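Worksheet: one structure, shown below.
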Amino acid sequence: MQKITRAGEPMDVAGTLPAPGDAAPLMTLTNTDLEDVTLDTYSGKRKVLNIIPSVDTPTCAVSTRRFNELASQLDNTVVLVVSADLPFAAKRFCGAEGLDNVETLSTFRHREFQEAWGVALANSAMEGLCARAVVVLDADNRVLHSELVSELKNEPNYDAALASLKR
Numbered sequence: 017m018q019k020i021t022r023a024g025e026p027m028d029v030a031g032t033l034p035a036p037g038d039a040a041p042l043m044t045l046t047n048t049d050l051e052d053v054t055l056d057t058y059s060g061k062r063k064v065l066n067i068i069p070s071v072d073t074p075t076c077a078v079s080t081r082r083f084n085e086l087a088s089q090l091d092n093t094v095v096l097v098v099s100a101d102l103p104f105a106a107k108r109f110c111g112a113e114g115l116d117n118v119e120t121l122s123t124f125r126h127r128e129f130q131e132a133w134g135v136a137l138a139n140s141a142m143e144g145l146c147a148r149a150v151v152v153l154d155a156d157n158r159v160l161h162s163e164l165v166s167e168l169k170n171e172p173n174y175d176a177a178l179a180s181l182k183r
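Residue numbers for the sequence shown follow the numbering used here, beginning at 17 and rising by one.
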């Protein structure tokens, strides 16, 4: 098990985050129209997966806003905000915030994503939610960058994620 902290308290994370150079694991997630999507849905595009516990927490809200802002500057790239939130909640959040450069996806029907992508919070009160992580994929679904944020309350390294798209 991987380890992170939440307010300094250790937490277990099941699975292994894909590493740069790896082929992205398969995924099926649910969009705000309650449709299942896969990586093939975004064929030919680069993908930034901003994986978060819930848009209803301050740090998750900040990272979703920040990636929405950054997404407008990225060519041929889609920013996917992945959480265990219900699609209705994610859609409400983005609508209220005026965020239209990110697409929210839910693990609520496809929890297998969490372990396959190495972000499954385990053995804690937050079990069932995703750890905070960023995974950047090229158009062929090869991992360019991955970061499992070591302290759940911290934001990801936006600069490192975006730099991987410029190589």
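The beta-carbon is built from N, C-alpha and C at its ideal position, and this holds for glycine as well.
Since this is a predicted model, take the numbers as computed values, not measurements.
{"query": "Using the Cα positions of Lys182 and Val78, report the straight-line distance between them to the nearest angstrom.", "result": "24 Å"}
{"query": "Should Pro74 be labelled buried (16 or more other beta-carbon atoms within 10 Å of its own) or exposed?", "result": "exposed"}
{"query": "Less than 9 Å between the C-beta atoms of Thr120 and Leu96, yes or no?", "result": "yes"}
{"query": "List the whole-angstrom C-beta distance separating Val151 from Ile68, where the pair is believed to meet the contact cut-off of C-beta under 8 Å.", "result": "Actually they are not in contact, since the Cβ atoms of Val151 and Ile68 sit about 12 Å apart, beyond 8 Å."}
{"query": "Between Gly31 and Glu131, which are expected to be in contact by the criterion C-beta below 8 Å, what is the C-beta distance as a whole number of angstroms?", "result": "4 Å"}
{"query": "State yes or no: is the C-beta of Asn173 nearer than 8 Å to some heavy atom of the ligand MG?", "result": "The model depicted lacks the ligand MG and carries no ligand whatsoever."}
{"query": "Measure the beta-carbon distance from Ala35 to Ser70 and round it to whole angstroms, keeping in mind my assumption that it falls under 8 Å.", "result": "Not a contact, Cβ separation roughly 26 Å."}
{"query": "Please determine, among Asn92, Leu160 and Ser180, the residue with the shortest C-alpha to C-alpha distance to Lys61.", "result": "Asn92"}
{"query": "When you compare the CB positions of Val118 and Cys110, do they come within less than 9 Å of one another, or not?", "result": "yes"}
{"query": "Just the Cα atoms here: how many angstroms apart are Leu164 and Tyr58?", "result": "23 Å"}
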